[in-house]
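**Q** In the working numbering, the protein residues as written are 1119 to 1800.
Built from N, CA and C at the ideal position, the CB exists for glycine as well.
All of these numbers come straight from a predicted model, not from anything done at the bench.
1. Can you look up residue 1785 in the DSSP assignment and give me helix, strand or coil?
2. Would you call the segment 1353–1369 and the segment 1288–1305 in contact, with 3 or more CB pairs under 8 Å?
3. Where does residue 1752 fall in DSSP's three states?
4. Quick check on DSSP: helix, strand or coil for residue 1728?
5. Relative to the C-alpha of residue 1313, which residue among 1322, 1332 and 1324 is closest?
6. Against chain B, with Cβ distances strictly below 8 Å, would residue 1791 count as a contact?
7. Put residue 1187 into one of helix, strand or coil per three-state DSSP.
8. Determine the extent of the beta strand (DSSP E) in which residue 1366 is found, giving its start and end residues.
9. Ignoring anything shorter than 3 residues or poking outside the segment 1657–1704, list the beta strand (DSSP E) runs there in chain order.
10. Pull up the distance between the alpha-carbon of residue 1539 and that of residue 1505, whole angstroms please.
11. Helix, strand or coil: which one does DSSP assign to residue 1178?
12. Within 10 angstroms of the Cβ of residue 1692, are there 16 or more other Cβ atoms? Answer buried if so, exposed if not.
13. Since residue 1208 and residue 1267 are thought to touch, with beta carbons under 8 Å apart, how far apart are those beta carbons, to the nearest angstrom?
14. When you compare only the Cα positions, how much space is there between residue 1646 and residue 1738?
15. Since residue 1269 sits in a beta bridge, which residues does DSSP pair it with?
16. If the criterion is Cβ atoms closer than 8 Å, does the pair residue 1245 and residue 1270 meet it?
17. To the nearest angstrom, how far is the alpha carbon of residue 1309 from that of residue 1301?
18. So the beta strand (DSSP E) residue 1296 belongs to, where does it begin and stop?
19. Would you report the Cα separation of residue 1419 and residue 1438, rounded to the nearest angstrom?
20. Enumerate in chain order the residues of its own chain whose CB-to-CB distance from residue 1531 is below 8 Å, with the five nearest sequence positions on each side excluded.
21. Can you tell me the Cα-Cα spacing of residue 1656 and residue 1610, whole angstroms?
22. Can you look up residue 1338 in the DSSP assignment and give me helix, strand or coil?
23. Quick check on the DSSP output: the beta strand (DSSP E) that includes residue 1573 runs from which residue to which?
24. Could you work out which residue in 1513, 1362, 1496 and 1406 is closest to residue 1639 when comparing CA atoms only?
25. Below 6 Å CB to CB, which residues in the same chain sit around residue 1648 once its five sequence neighbours on both sides are set aside?
26. For residue 1687, I'd like the list of residues in its chain whose CB is within less than 8 Å of its CB, leaving aside the five on either flank, ordered along the chain.
27. Ends of the beta strand (DSSP E) at residue 1555?
28. By how many angstroms is the C-alpha of residue 1454 removed from the C-alpha of residue 1404?
29. Roughly how many angstroms separate the alpha carbons of residue 1545 and residue 1577, rounded to a whole number?
30. Please state if the CB of residue 1543 and the CB of residue 1517 are separated by a distance shorter than 8 Å.
31. Buried or exposed, going by whether 16 or more other CB atoms sit within 10 Å of the CB of residue 1547?
32. Quick one: what does DSSP say residue 1161 is sitting in, helix, strand or coil?
33. Of all the options 1457, 1422, 1704 and 1492, which has the alpha carbon lying nearest to the alpha carbon of residue 1470?
34. Return helix, strand or coil for residue 1420, following the three-state DSSP convention.
35. Look at the alpha carbon of residue 1715 and the alpha carbon of residue 1741, and state the distance between them as a whole number of angstroms.
36. Could you tell me the alpha carbon to alpha carbon distance between residue 1585 and residue 1592, rounded to whole angstroms?
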């Protein structure tokens, strides 16, 4: 077969035209057939050519795909991502652009399934864990042509916690331990409905249930543990969930009889160990009697009872003694005082065998009640105050176990409330309450109160003991809102300079307080605005007094009468537009009146930028203060008067403040003078 070769497109086209014309002249039907045949041949030739008429080179085929991940881990809750970068190379290790890269992953979520490489041979995709919350390893595959590569990304930070960290059970099965495992995602939020498996290792012999299941709505899985006879020793309980584990130790012990306080009876009624925290704490009132029982194994024959406040029936003093009978000894405690009594019981002949008890003692008959509100000023709607009532008897001793009712005397009508309404006074001290105290919460409504605030009242139910009535204390006052009284500014007494020395930096603060002198709530946003309210003519380092100018040509330079001075900004309505009649207006800043003949130049004098710059908003801290910087050009120093305004909303009410001051300069720029004359023309 014979092939016809053409040097270029032009030769090919010319040949086709030539053949068509020549053959038509000889035999038109044959020419049309020949032309069709040549066009088909041309089509085949074009299909086998690249863009330049050359065959596709193997250099454009992907030979290698390099994969990287940055970072190499992502959080299991899907809150973070990693960037997977695929770099495609040919057999000569040259990057290839325009190559399709297909991405896939064994788990998690990819941002896209494919992408084209850029001029650097790179295609990227974002990867995250998705919402499952399970720690695991994702295998990510990138394929381009016949080349592919894989990389591993660790999905991490889900955890399982155990509470308590350790526990003890007896090997006779007489008691149980409850262990709560909690599944948490990478953000520390509980994960509900996730599968969990519990296993046990160690020499201790225990049974536990359930061994498998799913976490509840709070991400918790509760396991009950019981000791098995003959199984003394340490056992470890391990829970696995979300690809994480948590372990805690279970100590299986043999029951022993030891010296201890083993029973309490208040006025003839037995107290359980659950009610008294394993006989370590209890409470009683003046006039009541508390029978204390101590277990004293042989060879103990006598037990000593000691109290810091109460008296023992065996002796009528703080120290009592009782004989051991049947392995136990008892004595009865009474009190005439209120407070917290520390009781100690020990083997008289072997004092190292000992146990202790805390008894909270309170008075019986209420005589007075005081009420305290903290804080005493709260914001509208969301503000809360803790109301604590303290009930005492005629001797000032705290009275526990009595109901106190709380009420509002003068509501604003804005929906303020108190909850709970009735609370019993504490018979035992807590972290937040002393003996005889009752606490509730006041919540503000939508309306501000007067300066005197909303009055809250406390009364001991069933008695005439009430605040605002002698001998009780006053009602508690809670001020709601408090309208803002001021926005004020402060400024530093020193100036900073920017990096190239062309600008001054003045540190400033804005202060926001309400009508009670209290700082605005943390996070109050203050909107700031800056305006060059006035400008001055002047010579280097000096601004001109009104109606005078500096004459340096005199034998003794001095100020002479002239059109100098300090004048208001031409843009009287501050709209940044030079309205008709504003150009050239020279209204005095320091005195009334105007001076005619000002320069008309179609520009606003001074320009807004002459004032410098400040942030648009700042946010107050706990003191009601927000700090910011005023940055202005050195050419404005001495010759521009700035006005700074601050506007905010405190408890729903606008507060506005402003300050006006002439921009200052550093002493080192004034002596000797390094500043230029005023660039403003009268």
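**A** Reading it off the structure:
1. Residue 1785: helix per DSSP, three-state reduction.
2. Three or more pairs of CB atoms, one per stretch, sit closer than 8 Å, so the segment 1353–1369 contacts the segment 1288–1305.
3. Helix.
4. Secondary structure at residue 1728: helix, using DSSP grouped into helix, strand and coil.
5. Checked all of 1322, 1332 and 1324; the closest Cα to residue 1313 is 1332.
6. Looking for chain B here will not work: only one protein chain is present.
7. Per DSSP, reduced to three states, the secondary structure at residue 1187 is strand.
8. 1362–1371 is the extent of the beta strand (DSSP E) around residue 1366.
9. Counting only runs of 3 or more, we get 1666–1669, 1676–1679 and 1684–1686.
10. Those two C-alpha atoms are separated by around 11 Å.
11. In the structure shown, residue 1178 sits in a helix (DSSP, three-state: H, G or I).
12. By the Cβ neighbour-count rule, residue 1692 is exposed, with fewer than 16 other Cβ atoms within 10 Å of its own.
13. Rounded, the Cβ-Cβ distance is 15 Å, inconsistent with contact.
14. Going by the C-alpha atoms only, they are around 13 Å apart.
15. Residue pairing from DSSP places residue 1269 in a beta bridge opposite 1258.
16. In this structure, residue 1245 keeps its C-beta atom at 8 Å or more from the C-beta atom of residue 1270.
17. The C-alpha of residue 1301 is placed about 6 Å away from the C-alpha of residue 1309.
18. Here the beta strand (DSSP E) through residue 1296 covers 1294–1302.
19. Approximately 14 Å, taken between the alpha carbons.
20. For residue 1531, where only same-chain residues beyond five positions count, the Cβ hits under 8 Å are 1563 and 1565.
21. If you draw a straight line from the Cα of residue 1656 to the Cα of residue 1610, it comes to about 26 Å.
22. In this structure, residue 1338 counts as strand in the three-state DSSP scheme.
23. Unbroken beta strand (DSSP E) run through residue 1573: 1572–1578.
24. Ranking the options by Cα distance to residue 1639, first place goes to 1496.
25. Result list for residue 1648: 1729, 1732 and 1762, in chain order.
26. Closer than 8 Å at Cβ, skipping near neighbours: 1649, 1650, 1651, 1652, 1653, 1722, 1723 and 1724.
27. 1555–1561 is the extent of the beta strand (DSSP E) around residue 1555.
28. Approximately 5 Å between the Cα atoms of the pair.
29. Distance from the CA atom of residue 1545 to the CA atom of residue 1577, rounded to whole angstroms, is 18 Å.
30. It is a contact, given that the beta carbons lie within the stated cut-off.
31. Residue 1547 is buried by the Cβ-count criterion.
32. Residue confidence is low: residue 1161 scores 41 on pLDDT, short of 50, so the model does not pin down where it sits. No coordinate-derived value is stated.
33. A check of alpha carbon separations from residue 1470 across 1457, 1422, 1704 and 1492 identifies 1422 as the nearest.
34. Residue 1420 falls in the strand class under three-state DSSP.
35. Rounded to whole angstroms, residue 1715 to residue 1741 spans 50 Å at the Cα level.
36. Our two residues, residue 1585 and residue 1592, have alpha carbons roughly 5 Å apart in a direct line.
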